[in-house]
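Peer 1: Residue numbers (the working numbering), protein chains in the order written: chain A, 7 to 194; chain B, 7 to 194; chain C, 7 to 194; chain D, 7 to 194; chain E, 7 to 194; chain F, 7 to 194.
6 protein chains.
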Amino acid sequence: MNEDAMGRFPVPDREEIPDDILERIDEETEDAGFTPNVFPAFAYKPSHFRAFFDYHDALTEDTSLEREEIEMLVVTVSGVNDCLYCVVAHGALLRIFAEAPKLADQLATNHRTADLSDQHREMLDFAEKLTESPGKVDDEDLKRLREVGFSTEEIWDIASVVSVFNLSNRMATVADIRPNDEFYDMAR
Amino acid sequence: MNEDAMGRFPVPDREEIPDDILERIDEETEDAGFTPNVFPAFAYKPSHFRAFFDYHDALTEDTSLEREEIEMLVVTVSGVNDCLYCVVAHGALLRIFAEAPKLADQLATNHRTADLSDQHREMLDFAEKLTESPGKVDDEDLKRLREVGFSTEEIWDIASVVSVFNLSNRMATVADIRPNDEFYDMAR
Amino acid sequence: MNEDAMGRFPVPDREEIPDDILERIDEETEDAGFTPNVFPAFAYKPSHFRAFFDYHDALTEDTSLEREEIEMLVVTVSGVNDCLYCVVAHGALLRIFAEAPKLADQLATNHRTADLSDQHREMLDFAEKLTESPGKVDDEDLKRLREVGFSTEEIWDIASVVSVFNLSNRMATVADIRPNDEFYDMAR
Amino acid sequence: MNEDAMGRFPVPDREEIPDDILERIDEETEDAGFTPNVFPAFAYKPSHFRAFFDYHDALTEDTSLEREEIEMLVVTVSGVNDCLYCVVAHGALLRIFAEAPKLADQLATNHRTADLSDQHREMLDFAEKLTESPGKVDDEDLKRLREVGFSTEEIWDIASVVSVFNLSNRMATVADIRPNDEFYDMAR
Amino acid sequence: MNEDAMGRFPVPDREEIPDDILERIDEETEDAGFTPNVFPAFAYKPSHFRAFFDYHDALTEDTSLEREEIEMLVVTVSGVNDCLYCVVAHGALLRIFAEAPKLADQLATNHRTADLSDQHREMLDFAEKLTESPGKVDDEDLKRLREVGFSTEEIWDIASVVSVFNLSNRMATVADIRPNDEFYDMAR
Amino acid sequence: MNEDAMGRFPVPDREEIPDDILERIDEETEDAGFTPNVFPAFAYKPSHFRAFFDYHDALTEDTSLEREEIEMLVVTVSGVNDCLYCVVAHGALLRIFAEAPKLADQLATNHRTADLSDQHREMLDFAEKLTESPGKVDDEDLKRLREVGFSTEEIWDIASVVSVFNLSNRMATVADIRPNDEFYDMAR
Numbered sequence: 007m008n009e010d011a012m013g014r015f016p017v018p019d020r021e022e023i024p025d026d027i028l029e030r031i032d033e034e035t036e037d038a039g040f041t042p043n044v045f046p047a048f049a050y051k052p053s054h055f056r057a058f059f060d061y062h063d064a065l066t067e068d069t070s071l072e073r074e075e076i077e078m079l080v081v082t083v084s085g086v087n088d089c090l091y092c093v094v095a096h097g098a099l100l101r102i103f104a105e106a107p108k109l110a111d112q113l114a115t116n117h118r119t120a121d122l123s124d125q126h127r128e129m130l131d132f133a134e135k136l137t138e139s140p141g142k143v144d145d146e147d148l149k150r151l152r153e154v155g156f157s158t159e160e161i162w163d164i165a166s167v168v169s170v171f172n173l174s175n176r177m178a179t180v181a182d183i184r185p186n187d188e189f190y191d192m193a194r
Numbered sequence: 007m008n009e010d011a012m013g014r015f016p017v018p019d020r021e022e023i024p025d026d027i028l029e030r031i032d033e034e035t036e037d038a039g040f041t042p043n044v045f046p047a048f049a050y051k052p053s054h055f056r057a058f059f060d061y062h063d064a065l066t067e068d069t070s071l072e073r074e075e076i077e078m079l080v081v082t083v084s085g086v087n088d089c090l091y092c093v094v095a096h097g098a099l100l101r102i103f104a105e106a107p108k109l110a111d112q113l114a115t116n117h118r119t120a121d122l123s124d125q126h127r128e129m130l131d132f133a134e135k136l137t138e139s140p141g142k143v144d145d146e147d148l149k150r151l152r153e154v155g156f157s158t159e160e161i162w163d164i165a166s167v168v169s170v171f172n173l174s175n176r177m178a179t180v181a182d183i184r185p186n187d188e189f190y191d192m193a194r
Numbered sequence: 007m008n009e010d011a012m013g014r015f016p017v018p019d020r021e022e023i024p025d026d027i028l029e030r031i032d033e034e035t036e037d038a039g040f041t042p043n044v045f046p047a048f049a050y051k052p053s054h055f056r057a058f059f060d061y062h063d064a065l066t067e068d069t070s071l072e073r074e075e076i077e078m079l080v081v082t083v084s085g086v087n088d089c090l091y092c093v094v095a096h097g098a099l100l101r102i103f104a105e106a107p108k109l110a111d112q113l114a115t116n117h118r119t120a121d122l123s124d125q126h127r128e129m130l131d132f133a134e135k136l137t138e139s140p141g142k143v144d145d146e147d148l149k150r151l152r153e154v155g156f157s158t159e160e161i162w163d164i165a166s167v168v169s170v171f172n173l174s175n176r177m178a179t180v181a182d183i184r185p186n187d188e189f190y191d192m193a194r
Numbered sequence: 007m008n009e010d011a012m013g014r015f016p017v018p019d020r021e022e023i024p025d026d027i028l029e030r031i032d033e034e035t036e037d038a039g040f041t042p043n044v045f046p047a048f049a050y051k052p053s054h055f056r057a058f059f060d061y062h063d064a065l066t067e068d069t070s071l072e073r074e075e076i077e078m079l080v081v082t083v084s085g086v087n088d089c090l091y092c093v094v095a096h097g098a099l100l101r102i103f104a105e106a107p108k109l110a111d112q113l114a115t116n117h118r119t120a121d122l123s124d125q126h127r128e129m130l131d132f133a134e135k136l137t138e139s140p141g142k143v144d145d146e147d148l149k150r151l152r153e154v155g156f157s158t159e160e161i162w163d164i165a166s167v168v169s170v171f172n173l174s175n176r177m178a179t180v181a182d183i184r185p186n187d188e189f190y191d192m193a194r
Numbered sequence: 007m008n009e010d011a012m013g014r015f016p017v018p019d020r021e022e023i024p025d026d027i028l029e030r031i032d033e034e035t036e037d038a039g040f041t042p043n044v045f046p047a048f049a050y051k052p053s054h055f056r057a058f059f060d061y062h063d064a065l066t067e068d069t070s071l072e073r074e075e076i077e078m079l080v081v082t083v084s085g086v087n088d089c090l091y092c093v094v095a096h097g098a099l100l101r102i103f104a105e106a107p108k109l110a111d112q113l114a115t116n117h118r119t120a121d122l123s124d125q126h127r128e129m130l131d132f133a134e135k136l137t138e139s140p141g142k143v144d145d146e147d148l149k150r151l152r153e154v155g156f157s158t159e160e161i162w163d164i165a166s167v168v169s170v171f172n173l174s175n176r177m178a179t180v181a182d183i184r185p186n187d188e189f190y191d192m193a194r
Numbered sequence: 007m008n009e010d011a012m013g014r015f016p017v018p019d020r021e022e023i024p025d026d027i028l029e030r031i032d033e034e035t036e037d038a039g040f041t042p043n044v045f046p047a048f049a050y051k052p053s054h055f056r057a058f059f060d061y062h063d064a065l066t067e068d069t070s071l072e073r074e075e076i077e078m079l080v081v082t083v084s085g086v087n088d089c090l091y092c093v094v095a096h097g098a099l100l101r102i103f104a105e106a107p108k109l110a111d112q113l114a115t116n117h118r119t120a121d122l123s124d125q126h127r128e129m130l131d132f133a134e135k136l137t138e139s140p141g142k143v144d145d146e147d148l149k150r151l152r153e154v155g156f157s158t159e160e161i162w163d164i165a166s167v168v169s170v171f172n173l174s175n176r177m178a179t180v181a182d183i184r185p186n187d188e189f190y191d192m193a194r
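Structure follows, in structure tokens:
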């Protein structure tokens, strides 16, 4: 495991990591061609690793959203929360899934600068508000999402992606999870 | 299932809910004497239900913190995020676990008004900062936690509780999950 | 007098307190069955005590608002300002006057979660704005209050309750006035 | 009475105003050489007029602070709250009482630009914090006031001036009380 | 040169100042009857002096706006940024160019309190937003400016004045440039 | 000229552009191998073009700072202000001058995540504060810069870079200046 995967907690050695988690790490490594640092980082606490990645899997595999929309949400939220790991790693994923090499830098900096459909603009306005001031969200916000065509399930899924990355951003920042060098350049 | 468990998404009928989730709901109902509304609410999306409650279980069952400390964190974070369900339901849990009937109202309103040890004051100052401005968290903040005696694992666990409730608060607010009447009064 | 009525200033002894103030304290004690701590606390400075409670009396006795509306405003403002004494003590009064045991916790946490008429929702939106950013209040805000049916005098009275509790919240926080134990539970 | 004393509520005619209030208005008029608009404005609601000015009288007549310190607090707080009436009218009073023609503009804009003693700098830092984020005030803030030499009573009096002008600023803004032309120029 | 022109950097002696800059300073001195402190202050770095005043000259001499509108923008922006030099010096210019002795104090404190045309109210709302939260500016903001009659060039010029004074305010605050005594009183 | 250099103002044709400005644009084009969009964009108003680029030239050519430090400041400030053009274009310049391919993404997202010397950390903390809350800057902030070794001239130059990019960010955002495709990838 890469010792430098995070700056503020010790990364466990392979032998300390339970088999199911090692297996997941190895799959990810094979997929990506390298081990994204969030995996060895979360292996610090196996019970958290399992729940965290189950949630991420549910968000991307059992969803009414396009994968590209999910990554748009993630990059926007992570930009608002100033989270380096998530901006860089999910920026790479967004470039891949949206086949849009500039979109990640635009959303991470300011989603208002991207060339978005009205629907996606509303989606990201909502993501920003739910991130910055969750207590101010009200019926009007959900009404606007419905008016641009989002279904009930899509709204749940949008809220879930925003909420889970409000978790991820905070853990990545506190743990100082470092983006792998590969992510910075990928799919540009 | 209580149809009014949440205001903005439909609560599924028992027959629509997968068995493992029904089983969990029934266990919780037996434990509490009523079904806390967060369970039928999250049953709206079973894959999310499983990951969400696995995370919560991990936070309370595989932890270096006292249960009372966990609930102190939850109530403080939920107060900052203005989340009704979490303030009311976890306020009840805090009254039970801390055996301190007034502490929940104090932390939900303003943790500076509670009679806390220096260690717990630092813990809740950190929880507030990580909730309000995650991007401003830095080495100094972790140093202060260490100086009042928190171990590395305790710091991970503190950050995890704060982070997961930054997820929970947002989902409960968007879904408008309603606190059960029982929670308002419990253990006062 | 309860020495612990406030944490940051000395509470005067009965013999140090002028007669008119003692009389008022005794009346309040008889009314409530205990002495609400704000009375011995403000007795620290008799000239302030008199003006402060005269203003409070004027707000509740010479008003175009229902008492329940006044307490809704107080609890909402005090929640925004994170003031423990006012949230807890006026939360009790709101439960009594509105005959609504859950409303106080809802307004103190987030007035958007309460089941409010359109008129009361506008009233509390205005209270929140006047508390959080008084300099941004303008004609549009008053127009919205008029559109949901508030008269000129009602608007003055709403603004006055909000303004006086922006005073009360600050004094109670600086002085660390402690809510009496009785208030936490009352009328739940 | 000057009909234009405020922009958003009707100013009462002399014959509608109770005698004790008329008497006070006439005294103020004689003192100042004109009728400061806050007096006819508050005459809109006599019970509020009496309590409001009793509080102001208590702040300036029964105080451990110098009058010039009181006006420094008022102008600083009113600048933070963007309140025109209070900035202009109390700016004039500050120029008179401090015999410092530039101080009012400095404090209204940014108290950090004024040439202040350490004691007064702490006092105004505290005033700014108690105005902007009352819920964040804690023991450290009071300790700093004590360290620069303020007594317990002086701290109460400082907090009271700040708190009352958090009331005044809000009422003056909502009512759109207009500063008299005379105040803009006075004692420059 | 006035040694006290700024508090945090040394003001150069006349012999250290290049001729073109001395010439400009002398012209300004003749115009105003005194040397506005921003000129000796910026002479600290001649290359910055030239660019800074060229920009200011361009803003006032090659513009689609009235001079009075420019000063309205400057005073409003400088009030938002709490910049003493710019509020006081440009407050004087606004009083002169608008022939409105009270307007400067109104805009510096809160532009909502001034008696403005709809067009000027939109202009200053835009100035406030572009100053406080530049990243939130979007098409809607420009549309509103167009709807109240501003041309494309006027919008560029408005944005330029706001932007340049976001520069000026920061330099004046960091350098602690002192407003000349003359500005405080001028044209009242 | 690239018509799409900015989204909200018309880009002038070559024949409309004065010779000195065309000359500068042609030089820049030769240097970079393409025409950075900020040049045709600012050609909209030649008098502004000249002052704007004179200031930029002064910042980089007559400076006590390293070029890499200047670009660190620019990218950090532009990240705080959510300005796409400046983040992307100056991100490229930072990668070139610092020979650090990841530094730009780190500073644009959150300078706390970069591996900085104490001196550079203080420099960027100051840049963030001067950008976010210019009115709160005081002697303590300058003292900290001096304590980590910055000279008086370096502090002036740091403040100037921050201030000028508070101008640039606002103009680029209002005009919707589009980063050239080349910048996104350059020197990664």
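Where a beta carbon is used, it is the ideal one built from N, C-alpha and C, also for glycine.
(1) Is Gly39/E close to chain A? Criterion is C-beta to C-beta, closer than 8 Å.
(2) Kindly list, in the order they appear in chain E, the residues whose Cβ is closer than 8 Å to that of Ser166/F.
(3) What residues of chain F sit near Asp144/B, judged by a beta carbon separation below 8 Å?
(4) Under 8 Å Cβ-Cβ, which residues of chain F neighbour Leu90/A?
(5) What is the DSSP secondary structure of Ile23/C, reduced to helix, strand or coil?
(6) Buried or exposed: Glu77/E, going by 16 or more other Cβ atoms within 10 Å of its Cβ?
(7) Less than 8 Å separating the beta-carbons of Asp124/C and Lys135/C?
(8) For the structure I just gave you, are there three or more beta carbon pairs, one from the segment 174–191 of chain B and one from the segment 92–107 of chain B, closer than 8 Å?
(9) Would you report the Cα separation of Ala165/D and Val83/A, rounded to the nearest angstrom?
(10) Going by DSSP, which residues form a beta bridge with Met12/F?
(11) Would you please state the rounded distance, in angstroms, between the beta carbons of Thr137/D and Asn172/D? I believe it to be under 8 Å.
(12) Could you spell out where the alpha helix (DSSP H) holding Ala98/B opens and where it closes?
(13) Find the residues of chain A that neighbour Gly141/E, judging by a C-beta separation of less than 7 Å, and give them in chain order.
(14) Quick check: the Cα distance between Ile183/E and His62/E, rounded to an integer number of angstroms?
(15) Drop a sphere of 10 angstroms on the beta-carbon of Arg176/F, count the other beta-carbons inside from all chains shown, and report buried for 16 or more, exposed for fewer.
(16) If you measure from the beta carbon of Val93/E to each beta carbon in chain D, is any gap under 8 Å?
(17) Does DSSP put Arg176/A in a helix, in a strand, or in coil?
(18) For Pro16/B, tell me which candidate among Ala114/B, Leu71/B, Gly85/B and Val44/B has the shortest Cα-Cα distance.
(19) Beta-carbon of Ala64/A versus every beta-carbon of chain B: anything under 8 Å?
(20) Chain E partners of Ser169/F, CB-CB under 9 Å?
(21) Please report the distance separating the alpha-carbon of Glu159/F from that of Glu160/E.
(22) Determine, for Asn87/B, whether the minimum Cβ-Cβ distance to residues of chain A falls below 8 Å.
(23) Just the C-alpha distance for Leu130/E and Leu65/E, rounded to the nearest angstrom, thanks.
(24) At what residues does the alpha helix (DSSP H) containing Asp60/A begin and finish?
Peer 2: In brief:
(1) Position 33 of the fifth sequence, counted from the first residue, corresponds to residue 39/E. No, Gly39/E lies away from the interface with chain A (no Cβ there is under 8 Å from its Cβ).
(2) As a first step, residue 166/F must be located in the sixth sequence, where it is residue number 160. The contacting residues are Lys51, His54 and Met177.
(3) Against the second sequence, residue 144/B aligns to sequence position 138. In chain order: Arg118.
(4) One-based indexing of the first sequence puts residue 90/A at position 84. Correct list: Asp111, Gln112, Thr115, Asn116 and Thr119.
(5) In the third sequence, residue 23/C corresponds to position 17, counting from 1. If DSSP states are grouped into helix, strand and coil, Ile23/C belongs with coil.
(6) Here residue 77/E refers to the residue found at position 71 of the fifth sequence. So Glu77/E ends up on the buried side.
(7) The residue you call residue 124/C lines up with position 118 of the third sequence. The residue you call residue 135/C lines up with position 129 of the third sequence. 8 Å or more divides the Cβ of Asp124/C from the Cβ of Lys135/C.
(8) Per the Cβ contact rule, the segment 174–191 of chain B is in contact with the segment 92–107 of chain B (3 or more Cβ pairs under 8 Å).
(9) Indexing the fourth sequence from 1 puts residue 165/D at position 159. Indexing the first sequence from 1 puts residue 83/A at position 77. Rounded to whole angstroms, Ala165/D to Val83/A spans 39 Å at the Cα level.
(10) Within the sixth sequence, numbered from 1, the residue matching residue 12/F stands at position 6. DSSP output for Met12/F lists Ile183/F as bridge partner(s).
(11) Your numbering for residue 137/D matches position 131 in the fourth sequence. Your numbering for residue 172/D matches position 166 in the fourth sequence. Yes, Thr137/D and Asn172/D are in contact; Cβ-Cβ is about 6 Å, under 8 Å.
(12) Here residue 98/B refers to the residue found at position 92 when the second sequence is read from its first residue. From DSSP, the alpha helix (DSSP H) with Ala98/B extends over Leu90 to Ala104.
(13) Looking up residue 141/E in the fifth sequence gives position 135. The answer, in chain order, is Asn116.
(14) On the fifth sequence, position 177 is the one that residue 183/E refers to. On the fifth sequence, position 56 is the one that residue 62/E refers to. Roughly 17 Å between the two C-alpha positions.
(15) For the purposes of this step, residue 176/F is taken as the residue at position 170 of the sixth sequence. Buried is the call here.
(16) Within the fifth sequence, the letter at position 87 stands for residue 93/E. Val93/E counts as touching chain D.
(17) Position 170 of the first sequence holds residue 176/A. Of the three classes helix, strand and coil, the one that applies to Arg176/A here is helix, per DSSP.
(18) Position 10 of the second sequence, counting from 1, holds the residue named residue 16/B. With distances taken between Cα atoms, Pro16/B lies closest to Val44/B.
(19) Walking along the first sequence from the start, residue 64/A turns up at place 58. Judged by the 8 Å Cβ criterion, Ala64/A is in contact with chain B.
(20) Reading the sixth sequence from its first residue, position 163 is the one you call residue 169/F. Residues of chain E passing the Cβ test: Asn172, Leu173, Ser174, Asn175, Arg176, Met177 and Val180.
(21) Reading the sixth sequence from its first residue, position 153 is the one you call residue 159/F. Reading the fifth sequence from its first residue, position 154 is the one you call residue 160/E. Near 37 Å, if we compare the C-alpha coordinates of Glu160/E and Glu159/F.
(22) Against the second sequence, residue 87/B aligns to sequence position 81. True, the Cβ-Cβ gap to chain A drops below 8 Å.
(23) Taking the fifth sequence and counting its residues from 1, one reaches residue 130/E at position 124. Taking the fifth sequence and counting its residues from 1, one reaches residue 65/E at position 59. Taking the straight line joining both Cα atoms gives about 17 Å.
(24) Your numbering for residue 60/A matches position 54 in the first sequence. Run containing Asp60/A: Pro52 to Glu67, per the alpha helix (DSSP H) assignment.
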